[in-house]
Amino acid sequence: PQEVLHHLDEQAQRLGSDRMATCLYAVYDPVAHRITIANAGHPPPVLLHLGGRAEVLRVPAGAPIGVGGVDFEAVELDAPAGAT
C-alpha cells in the first residue's frame with residue numbers, strides 16, 4: 154500500500170497544482186485475517202467487529218497526497234473473522 158501512495162503522490166506533484174488529497178489504502182488477507190494499511194492524511198479507519206464493537210485503528214497519519222517528499226508507512230494488523 155505505501156508504494157501505491159508514493160506513486161500517487163508523485164503523479165499529483167507532476168500536475169503542478171497546489172491541491173492535495175487524503176487517501177487510505179488497505180489490503181485484506183482473508184486467509185490470514187490480516188489487513189495492511191497505509192494512510193495519506195486520511196482520518197483513521199474503523200474496524201467493526203462481528204459483535205458490533207467499533208475499533209478505531211491506530212495507523213500513522215502520513216502526509217496528504219500532493220505534499221511530496223514524504224515516505225508513507227504501512228502497518229499490518231489483525232482483522233478477526235467477520236469484522237468489516
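Take any residue in the sequence shown, note its place counting from 1, add 153, and you have its number in the numbering used here. Heads up, the beta-carbon is just placed ideally off N, CA and C, and yes, glycines get one too. Here the structure is a predicted model, which means the values were calculated and not measured.
Candidates the options: closest to residue i by CA position
i    : options                   : result
H160 : A236, P233, D224 and T237 : D224
V157 : G205, I190 and D171       : I190
A193 : T237, A232, G219 and L230 : G219
G235 : L168, E163, P196 and A185 : A185
Beta-carbon proximity check, residue i vs residue j, cutoff 9 Å
i    : j    : result
Q155 : E226 : yes
E229 : R172 : no
T237 : L210 : no
P233 : L203 : yes
D162 : G205 : no
Where the beta strand (DSSP E) through residue i begins and ends
i    : result
V180 : C176 to D182
L200 : V199 to L201
D231 : A227 to D231
R187 : R187 to A193
Run of the alpha helix (DSSP H) containing residue i, from where it starts to where it stops
i    : result
L158 : Q155 to R167
Stretch pair the stretch 176–196 + the stretch 205–223: three plus CB contacts closer than 8 Å: yes
Enumerate, from N- to C-terminal direction, the unbroken beta strand (DSSP E) stretches of 3 or more residues contained entirely within the stretch 204–228. 207–209
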